[in-house]
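Following: one structure in structure tokens, then a few remarks.
Okay, structure coming up:
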């Protein structure tokens, strides 16, 4: 009889502990979600380079690592914060060889900007200034960050608008000579050279031709440069249209351009470029001494406020 009572007591205790653990996990998860939303809302207060217009069109996706969350929130220290801001306005221009103008002009103007995705990852983040469990990231808060990365992604539609090629598609060919190359085991394919682009451009006698070309990607003075190197004839799906040798250079030049003023987080200057599946990506390392959600996309203020007269300290 006494053993039965003891077993019931142990079962009740175990159930109570499980309920408490689940409840504590639910509360901690709730605060973790609220903290991510707090940082996202702080980023929404950021301004573009003119200092007035909103920098973000949509609330960014924020992921904060570190569990349990509540001790990190109270301490103001987080192992890592990931940010993805989608649909960021890009109003730069494309410069072509010999100042040529594209066949279909689709400028990324302020009234009709192109859209890019801006990402950043902050590691070993310390919140400076007042913060609390219910207000972990006030908009005016500043962050001390041990290291950071930044990248900006352009999809094929955006690249096509810059180049004036309405039907442009971008593809990253599978590794050459690899059996089964391009399968799931390779993940998202990436290249800096030999990127496949297909689109309709001005051909001989101003006739439109749809061609597939190979393009190399690089960074020139912080700007994304596309250099068409030849016509693609590999195994990937492509246009088999051939152009007479005397017209090849003029066709390739329509896929060759430098794209300026692409937005990057924290005033970062791009240092590398690559393809990522059907997108193009530029990457770099931010260098401000202090990070602030208000300056997420305000490159000019970052350069002057957190560097020495606009130059690296």
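In the numbering used here, the protein residues as written are 1 to 313.
Backbone N, C-alpha and C define an ideal beta-carbon position, used for all residues, glycine too.
- About 5 Å separates the Cβ atoms of residue 76 and residue 131, confirming a contact at the 8 Å cut-off.
- Going by DSSP, residue 231 is part of no alpha helix (DSSP H) but of the beta strand (DSSP E) stretching over 223 to 231.
- The three-state reading of DSSP puts residue 56 in coil, since its state is none of H, G, I, E or B.
- In the DSSP assignment, the residues bridged to residue 78 are 125.
- DSSP places residue 248 within a helical segment (H, G or I) once states are collapsed to three.
- Judged by DSSP in its simplified three-state form, residue 38 adopts helix.
- Comparing C-alpha distances from residue 220 to each of 197, 99, 92, 273 shows the shortest one belongs to 273.
- The stretch 253 to 265 makes contact with the stretch 279 to 287: 3 or more CB pairs, one atom from each, lie closer than 8 Å.
- With a beta-carbon spacing of about 7 Å, residue 121 and residue 148 fall inside the 8 Å limit used to define contacts.
- The residue from 99, 71, 116, 29 with its alpha-carbon nearest to that of residue 87 is 116.
- In the three-state scheme derived from DSSP, where H, G and I count as helix and E and B as strand, residue 67 is classed as coil.
- With respect to residue 293, residue 34 sits apart: the two C-beta atoms are not nearer than 8 Å.
- Non-local C-beta neighbours of residue 279 in its own chain, meaning closer than 8 Å and more than five positions away in sequence, comprise 153, 154, 155, 156, 170, ordered along the chain.
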